[in-house]
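Accompanying notes for the structure given below.
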Amino acid sequence: MLSQIEDSLIQRLRGSLPADISAAALPDAVGELVRPADGGQVYVYYAGLTGRPNPDSSGRVEMRLQLWQAMVRHRHRRAGGGLYALLDSVRMLFCGWRPAGAAGHMHLLEQSAPELLDGTWAAFMTFAAPVPNLPVPDPDAAVRLVRATWENQPHNHGSVVEKSS
Numbered sequence: 190m191l192s193q194i195e196d197s198l199i200q201r202l203r204g205s206l207p208a209d210i211s212a213a214a215l216p217d218a219v220g221e222l223v224r225p226a227d228g229g230q231v232y233v234y235y236a237g238l239t240g241r242p243n244p245d246s247s248g249r250v251e252m253r254l255q256l257w258q259a260m261v262r263h264r265h266r267r268a269g270g271g272l273y274a275l276l277d278s279v280r281m282l283f284c285g286w287r288p289a290g291a292a293g294h295m296h297l298l299e300q301s302a303p304e305l306l307d308g309t310w311a312a313f314m315t316f317a318a319p320v321p322n323l324p325v326p327d328p329d330a331a332v333r334l335v336r337a338t339w340e341n342q343p344h345n346h347g348s349v350v351e352k353s354s
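Written as structure tokens, this is what we have:
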């Protein structure tokens with residue numbers, strides 16, 4: 190499901206950003222990061238899950254935040270629709286848009302200050318989408334952990350065996 194959401198976010202960017210801006214998933218190896226030419230780049234990646242659900246007997250659905258990050262790079266900071274314009278575009282495309290598999294709108298949590306990395310201007314944006322922590326509908330359908338007992342079973346070790354009640 191994470192791959193589907195990541196693909197949806199990338200398709201959203203590709204469908205709306207100018208042709209000289211590339212959008213892709215963050216590569217597996219640092220060496221695969223391509224330096225931008227005149228345009229810019231947006232790399233999208235899953236950044237984790239925040240929040241800790243608390244047991245609740247009220248029946249309401251507990252929510253956590255699914256975090257997504259975008260590494261935004263551009264050769265220019267301000268000139269010719271540089272990094273600043275690209276940051277604005279990514280924020281507008283992601284905020285208020287509901288990707289498949291997420292249970293709510295994405296919100297911008299944090300945006301780093303532009304910094305010069307490897308000869309390009311770069312900034313990082315963290316977005317959050319609320320996702321429900323749903324209970325398993327049928328407890329008998331899930332994997333259940335039960336205590337193993339040796340009652341009426343042959344065994345040849347000297348340990349104490351607990352009898353089931």
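Heads up: take any position in the sequence shown, counting from 1, add 189, and you land on the numbering used here.
Beta carbons are placed, not taken as given, at the ideal position from N, Cα and C, and that holds for glycine.
Keep in mind that this is a model prediction, so the values were computed, not measured.
Query: Just to confirm my understanding: we take residue 234, look at its own chain, exclude 5 residues before and 5 after, and list those with CB closer than 6 Å. What are they?; Result: 215 and 258
Query: Taking a contact to mean a Cβ-Cβ separation below 8 Å, would you say residue 193 touches residue 211 in this structure?; Result: no
Query: Per DSSP, what are the beta-bridge partners of residue 255 in this structure?; Result: 238 and 318
Query: What number of angstroms, rounded off, separates the C-alpha of residue 227 from the C-alpha of residue 276?; Result: 16 Å
Query: Going by DSSP in three states, residue 274 sits in which element: helix, strand or coil?; Result: helix
Query: Please look up how many angstroms separate the CB atoms of residue 279 and residue 272, rounded, as I've assumed it's under 8 Å.; Result: That belief does not hold up - the Cβ atoms of residue 279 and residue 272 are roughly 10 Å apart, past 8 Å.
Query: Do residue 203 and residue 309 have their C-beta atoms closer together than 8 Å?; Result: no
Query: Between the alpha carbons of residue 319 and residue 253, how many angstroms are there, rounded?; Result: 6 Å
Query: Distance, Cα to Cα, residue 232 vs residue 213?; Result: 5 Å
Query: Looking only at its chain, what residues have a beta carbon closer than 7 Å to the beta carbon of residue 205, apart from the 5 residues adjacent to it on each side?; Result: 282
Query: Select from 274, 294 and 316 the residue whose C-alpha is nearest the C-alpha of residue 303.; Result: 274
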